Amino acid sequence: SKMLRAIFGARSSIATGCRFLSAAATPAAAKPKVDKEALKELRQRTGYSFVNCKKALEQFDRTQLDEAVKWLHELARKEGWKKADKLSSRATTQGLVGVKIDGPFGAVVELGCETDFVARGEPFQQLLVALSSAAAAHAKTLTWPASQRMETQTLVFDELSDANGKKLREVLTDSVGRIGENLNVKSVRVYKAPEGVQFYGASHPKNMLGDVSMGRFVSVLAMRRLAPEGTVFPSVRLADQICQHVIGMNSESLGEPPVPK
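Numbering (this note's numbering), first residue to last: 1 to 261.
Laid out in structure tokens, this is it:
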């Protein structure tokens with residue numbers, strides 16, 4: 001009927017619209033390729049992470065490695081101070097003790113970190129070498145009393161600098177940025193042997209990096225031996241055995257042996 005056609009005859013039209021979304025991002029500018037040999041050399045020279053060395057080489061090419069090194073040092077300084085402040089409350093229950101002997105002078109530095117994994121790594125151990133060497137060099141500048149005994153002094157870490165005049169606190173903070181853990185120098189002690197007395201040092205477990213011995217424990221020995229060198233039992237071997245014995249005995253105190261009555 002006309003009425004039905006009036007009601008149902010009108011066609012409805014629904015306009016449809018489709019929006020297509022693409023997951024493909026707009027192509028970014030391609031980063032320059034990093035020279036693998038330059039990356040290897042930069043890591044060997046600085047000890048910084050693969051990621052940061054790669055960032056440096058994206059800004060400086062192979063002919064600008066010196067500039068890349070400077071850029072990395074500045075990055076480490078900024079990151080180091082930031083991380084040092086952030087990580088300073090973390091406990092440093094792991095670490096190593098280093099002993100450096102330089103003629104009649106010796107230095108013992110206790111360096112703490114958060115994990116044993118870091119303590120076994122080369123960056124941490126190289127840092128301990130640098131700190132121990134700087135402490136031994138500083139020992140030569142101190143005033144020592146004339147004595148027939150081994151003398152010792154405890155140093156204030158924040159007052160020490162390396163051979164280039166850089167504060168050891170800054171050296172430590174740079175390493176925090178590089179290693180990514182809280183690091184803490186717990187003690188720095190220096191020693192001087194009497195004239196005519198030879199100095200020796202040892203660590204346990206035995207680990208020698210350069211001329212610094214490092215381990216969980218160390219000992220220092222000042223020994224005068226009248227036997228000429230070249231004897232059946234060399235002085236170096238004898239001193240090492242005595243040092244290891246001192247560590248193994250876990251002595252509570254050191255001093256002169258009791259005089260028999």
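Think of the CB as a built atom: it goes at the ideal place given N, C-alpha and C, for glycine as much as any other residue.
Quick caveat: nothing in here was measured; it's all calculated off a predicted structure.
Can L168 and L160 be called in contact, C-beta distance under 7 Å?
Counting from 1 along the sequence shown, the entry for residue 168 is found at position 168. Counting from 1 along the sequence shown, the entry for residue 160 is found at position 160. The Cβ-Cβ distance between L168 and L160 falls below 7 Å.
Given this structure, state the Cα-to-Cα distance separating G165 from K54, to the nearest angstrom.
In the sequence shown, residue 165 corresponds to position 165, counting from 1. In the sequence shown, residue 54 corresponds to position 54, counting from 1. Approximately 29 Å, taken between the alpha carbons.
List the residues that DSSP assigns as beta-bridge partners of E110.
Stepping through the sequence shown from its first residue, residue 110 is reached at position 110. In the DSSP assignment, E110 is bridged to V97, S187.
Taking three-plus beta-carbon pairs below 8 Å as touching, is the stretch 124–140 in contact with the stretch 202–222?
yes
So A136 and F105 are in contact, right, with Cβ under 8 Å, and what is the actual spacing, rounded?
Within the sequence shown, residue 136 is the residue found at index 136, counting from 1. Within the sequence shown, residue 105 is the residue found at index 105, counting from 1. That pair is a contact at about 6 Å.
Length of the line joining the Cα atoms of G248 and Q44:
Position 248 of the sequence shown, counted from the first residue, corresponds to residue 248. Position 44 of the sequence shown, counted from the first residue, corresponds to residue 44. So the alpha carbons of these two residues sit roughly 37 Å apart.
Coarse secondary structure for E58, derived from DSSP in three states:
The residue labelled residue 58 in the question sits at position 58 within the sequence shown. Three-state DSSP puts E58 in a helix.
Quick one: using the 10 Å Cβ neighbour count with 16 as the cut-off for buried, is K186 buried or exposed?
Position 186 of the sequence shown, counting from 1, holds the residue named residue 186. Label assigned to K186: exposed.
Helix or strand or just coil, what does DSSP make of F117?
Position 117 of the sequence shown holds residue 117. F117: helix per DSSP, three-state reduction.
Rounding to the nearest angstrom, what Cα-Cα distance links G95 and Y191 in this structure?
Counting from one through the sequence shown, the residue named residue 95 turns up at place 95. Counting from one through the sequence shown, the residue named residue 191 turns up at place 191. Their backbone Cα atoms lie some 22 Å apart in a straight line.
Nearest by alpha-carbon distance to R90: which of L209, A76, V108, T115 is it?
For the purposes of this step, residue 90 is taken as the residue at position 90 of the sequence shown. Ranking L209, A76, V108, T115 by Cα distance to R90 puts T115 first.
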